[in-house]
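Engineer: What follows is a structure written as structure tokens; I'll ask about it next.
There are 2 protein chains.
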Amino acid sequence: MKYKSYKGMNCSMAQALDAIGERWALLILREAFYGKTRFNQFREELGIARNILSARLNHLVDEGILEKRQATETAHTEYILTEQGRALRTVILSLIHWGDEYRPNPNGQRYEFLDAESGEPLRQMDIYTESGDVVKPGMVRIIPGPGLGAGQEGQPE
Amino acid sequence: MKYKSYKGMNCSMAQALDAIGERWALLILREAFYGKTRFNQFREELGIARNILSARLNHLVDEGILEKRQATETAHTEYILTEQGRALRTVILSLIHWGDEYRPNPNGQRYEFLDAESGEPLRQMDIYTESGDVVKPGMVRIIPGPGLGAGQEGQPE
DNA sequence: CAATATGGTTTCATTATAAAACCATTCGGT
DNA sequence: ACCGAATGGTTTTATAATGAAACCATATTG
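If you read the sequences in order, they're chains A and B. Heads up, the first sequence is in my numbering, so the first residue is 1 and it goes up one at a time. Heads up, the second sequence is in my numbering, so the first residue is 1001 and it goes up one at a time.
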């Protein structure tokens, strides 16, 4: 793969987008998050071309985000989220919340989300300090870390 | 526009990805989040081709995610996050956190994030119930909402 | 044993991206 | 007034990714 890859940027977000930034990848992962596991489930739900779906699933398996399994007995293939894949839930839910807010479906939300244990609804995704206060938009301060060559300073939004 | 656009899926996450899912878009928005505002700042920081950067900036302006301004006096152009754009901070920070965790930069993080008011570091992005409990991976329950159902199943095209 | 389900791969036309060249305006100095 | 650099683009042209359709190989079902 030569066209893509933001490699050479030693930046973790670019690496993240190398793993999941291709067209369809996040929608596939959303379906996985919703519990879909099979090739044809993804295909039918998303209307994605077979060859592209195949390429994406292989890529996500290579990246360690999905795991490919042969279901015993029934002998069909399953694609299951790994721990890395499940860790993308914050990305997925942030996107869904943003879309619900700024690009809403005229018929209302397709799904609603609850805590499986308590049955409580979820909070909107937000940014918190370690002591639990909400950080307001524009109030994130960005400071250089060890991975940056000394000098440049990031500014608040 | 035939290649892009996940239209026809009446799903807010697909709409979100139509707005910000193209190659480079999220990296541009990250730079905007970091305080960059100018064409050449984006270009130099990201190494993106001028024509593509131009196309992306125009698209993000059309989507209402960036606002284009003529800086008074100095007469240079500025691209500023709108409220919609700032609301993508949860998406951006989720991606950065995931990348830091699973695709770390060998030299360490490029930036660290603090609450501008208290100076406190930020929590890892996570999912919370309305009463403030963390929802563990795999413990989100997804139930059908009003947008699902009646004669509209993700009919592609 | 034929039909169907499943999970693909191959081919080819279309579309997006990247690099480089070119362009127009403004600004700062002499 | 003139020169050169800075800024913010647009226009080519080659290459790479995508999408649709056709094809294929096993398994299972009836």
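No residue lacks a Cβ here, since even glycine has one placed at the ideal position from N, Cα and C.
Report the start-end ranges of each alpha helix (DSSP H) in the segment 48-76 of chain A that is 4 residues or longer and not cut off at the edges.
Structural biologist: Entirely contained in the segment 48-76 of chain A, the alpha helix (DSSP H) runs reaching 4 residues are, in chain order, 50-62.
Engineer: Ignoring anything shorter than 4 residues, give me the alpha helix (DSSP H) runs that lie fully in the segment 1083-1127 of chain B, in order along the chain.
Structural biologist: Runs of the alpha helix (DSSP H) inside the segment 1083-1127 of chain B: 1083-1086, 1089-1102.
Engineer: Can you tell me which residues form a DSSP beta bridge with A:R141?
Structural biologist: Its beta-bridge partners are B:L1114.
Engineer: Using a C-beta to C-beta distance shorter than 7 Å, which residues of chain B count as neighbours of A:S131?
Structural biologist: Under the 7 Å cutoff, chain B gives E1120.
Engineer: Report all residues from its chain with a CB closer than 7 Å to the CB of B:L1017; omit the five preceding and five following residues, and keep chain order.
Structural biologist: Correct list, in chain order: Y1006.
Engineer: With distances taken Cα to Cα, identify the nearest neighbour of B:G1085 among A:R103, A:Q15, A:Y111, A:L46.
Structural biologist: Looking at the Cα atoms, A:R103 is the closest of the given residues.
Engineer: Determine the DSSP secondary structure at B:E1031, reduced to helix, strand or coil.
Structural biologist: Three-state DSSP puts B:E1031 in a helix.
Engineer: Check whether chain B comes within 8 Å of A:Q155, counting only Cβ atoms and requiring the distance to be less than that.
Structural biologist: Note that A:Q155 has pLDDT 42, beneath the 50 cutoff, so the model's placement of it is unreliable and no number is given.
Engineer: Would you say B:A1016 faces chain A, with C-beta separation under 8 Å as the test?
Structural biologist: Answer yes: the Cβ-Cβ gap between B:A1016 and chain A drops below 8 Å somewhere.
Engineer: Are any of the Cβ atoms in chain B nearer than 8 Å to that of A:S54?
Structural biologist: So, not an interface residue.
Engineer: If you drop the 5 nearest sequence neighbours on each side, which residues of the same chain put their C-beta closer than 8 Å to that of B:V1140?
Structural biologist: These residues qualify, in order along the chain: I1127.
Engineer: According to DSSP, B:L1026 sits in a beta bridge with which residue or residues?
Structural biologist: In the DSSP output, where bridge partners are listed per residue, B:L1026 has none listed.
Engineer: What's the gap between the Cα of A:Q15 and the Cα of A:E22?
Structural biologist: If I take the Cα positions, the gap works out to 12 Å.
Engineer: Let me check understanding here. Comparing Cα to Cα, which of B:L1093, B:L1081, B:A1055 lies closest to B:I1065?
Structural biologist: The option with the nearest alpha carbon to B:I1065 is B:L1081.
Engineer: For A:L81, does the three-state DSSP call read helix, strand or coil?
Structural biologist: In the structure shown, A:L81 sits in a strand (DSSP, three-state: E or B).
Engineer: With a threshold of 7 Å on Cβ separation, who are the neighbours of A:G56 within its own chain once the five nearest residues in sequence on each side are excluded?
Structural biologist: It should be pointed out that residue 56 of chain A corresponds to Arg in this sequence rather than to Gly. For A:R56, where only same-chain residues beyond five positions count, the Cβ hits under 7 Å are E22, W24, A25, I28.
Engineer: What is the DSSP secondary structure of B:Q1155, counted as helix, strand or coil?
Structural biologist: In this prediction, B:Q1155 has a pLDDT of 32, which is less than 50 and means its spatial position is unreliable; nothing more can be read from the coordinates.
Engineer: Short of 7 Å in beta carbon distance, which residues of its chain neighbour B:E1153, apart from the five on each side in sequence? Order them along the chain.
Structural biologist: Its pLDDT being 40, under 50, B:E1153 is placed unreliably by the model, and the measurement read from it follows with that caveat. Taken in chain order, the list of residues that qualify is empty.
Engineer: Compare the C-beta of B:I1028 against all C-beta atoms of chain A and say whether one is closer than 8 Å.
Structural biologist: No, because no Cβ of chain A sits closer than 8 Å to the Cβ of B:I1028.
Engineer: Hey, quick one: how far does the alpha helix (DSSP H) through A:E130 stretch, first residue to last?
Structural biologist: That residue, A:E130, is in no alpha helix (DSSP H); it is neither H nor E in DSSP.
Engineer: To the nearest angstrom, report how far apart B:A1049 and B:P1146 are at their CA atoms.
Structural biologist: Their backbone Cα atoms lie some 43 Å apart in a straight line.
Engineer: So the candidates are B:N1051, B:K1036, B:V1134; which of them puts its Cα closest to the Cα of A:E117?
Structural biologist: Considering only alpha carbons, the answer is B:V1134.
Engineer: Between which two residues does the alpha helix (DSSP H) containing B:N1040 stretch?
Structural biologist: Segment 1039-1046, the alpha helix (DSSP H) holding B:N1040.
Engineer: Please list the residues of the segment 1054-1087 of chain B that have a C-beta atom closer than 7 Å to any C-beta atom in chain A, keeping them in chain order.
Structural biologist: From the segment 1054-1087 of chain B, only L1081, Q1084, R1086, A1087 have a Cβ closer than 7 Å to chain A.
Engineer: So which residues of chain A does B:S1012 contact, with C-beta pairs closer than 9 Å?
Structural biologist: By Cβ distance, chain A contributes L95, I96, H97, W98, G99, D100, E101, Y102, R103, P104, N105, Q109, R110.
Engineer: Checking contacts by CB at 8 Å: is B:E1044 closer than that to chain A?
Structural biologist: It does not; no Cβ of chain A falls within 8 Å.
Engineer: Tell me whether B:S972 sits in a helix, a strand or coil according to DSSP, three-state version.
Structural biologist: No answer is possible for residue 972 of chain B: the residues shown for chain B start at 1001 and end at 1157.
Engineer: So is A:R76 buried or exposed if we call it buried at 16+ other beta carbons inside 10 Å?
Structural biologist: Note on residue identity: the sequence assigns His, not Arg, to residue 76 of chain A. Classification of A:H76: exposed, given that the 10 Å Cβ count is below 16.
Engineer: Can you tell me which of the three DSSP states A:L148 falls into?
Structural biologist: Coil, per DSSP.
Engineer: Quick one: which chain B residues come within Cβ less than 8 Å of A:A32?
Structural biologist: Residues of chain B passing the Cβ test: none, with the nearest at roughly 12 Å.
Engineer: I'd like to know whether the C-beta of A:R141 is nearer than 8 Å to at least one C-beta of chain B.
Structural biologist: Chain B, which has a Cβ nearer than 8 Å to the Cβ of A:R141, makes this yes.
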